[in-house]
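Read through the structure below, which is laid out as C-alpha cells, and then see the notes.
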Amino acid sequence: MESKLLPFQREGVRFILQHGGCALLADEMGLGKTLKAIAVASCIHDSWPVLIMTPSSLRLQWASMIEQWLDIPPYDILVILVTCLFSRIIYRFL
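Residue numbering for the sequence shown follows our numbering, starting at -12 and increasing by one per position.
Written as C-alpha cells, this is what we have:
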C-alpha cells in the first residue's frame, strides 16, 4: 500500500505512527485523509479489530475503501448503523 501513497501522504502516515497512532487528521478535503487512516490501520494490523466511527452518509464509502485498499473480503467488514432513537435510549441508561 505504501507505494501507492503520495509522498506527503506517506509523511502523514509516518507522523501518526511516530506518535503512537494518536493524531488528528485535519487535511483539506481531497488530500487523502481516508487513505492515510486506512494505511495507519494496515500498519497496526496486530492490534485489530479496528473501530471506525463515521457519519452515516460515509459508512458504505469507508467499507468500500477498506475492502479495496486492504484487500479484505466484504464479509469481514461489519457496518453498523445506530439510529438516533437507539442513541437516546443508551443515553437514558447512562
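We put the CB at the ideal spot given by N, CA and C, even for glycine. None of the values given here were measured: they were computed from a predicted structure.
Integer-rounded CB distance, given that leucine -7 should sit under 8 Å from alanine 26:
For the purposes of this step, residue 26 is identified with residue 39 of the sequence shown, where counting begins at 1. For the purposes of this step, residue -7 is identified with residue 6 of the sequence shown, where counting begins at 1. In fact, because the Cβ distance is near 11 Å, the residues do not count as touching under 8 Å.
Beta carbon proximity, glycine -1 to chain B, threshold 8 Å:
Chain labels in this structure do not include chain B; a single protein chain is all it has.
Count the other CB atoms within 10 Å of the CB of isoleucine 67; is the residue buried (16 or more) or exposed (fewer)?
As a working mapping, residue 67 is identified with position 80 in the sequence shown. By the neighbour-count rule (16 or more Cβ atoms within 10 Å), isoleucine 67 is not buried but exposed.
Check tryptophan 35 in the structure and name its three-state DSSP category.
Counting from one through the sequence shown, the residue named residue 35 turns up at place 48. Three-state DSSP puts tryptophan 35 in coil, outside helix and strand.
Where does isoleucine 59 fall in DSSP's three states?
Taking the first residue of the sequence shown as 1, we reach residue 59 at position 72. It is coil, neither helix nor strand.
Identify the continuous alpha helix (DSSP H) that holds leucine 65 and give its terminal residues.
By 1-based counting over the sequence shown, the position of residue 65 is 78. Careful: leucine 65 lies outside any alpha helix (DSSP H) and carries neither H nor E.
Alpha carbon to alpha carbon, how far is glutamate 15 from alanine 50? Give it in angstroms, no decimals.
One-based indexing of the sequence shown puts residue 50 at position 63. One-based indexing of the sequence shown puts residue 15 at position 28. Each residue's Cα considered, the two are about 22 Å apart.
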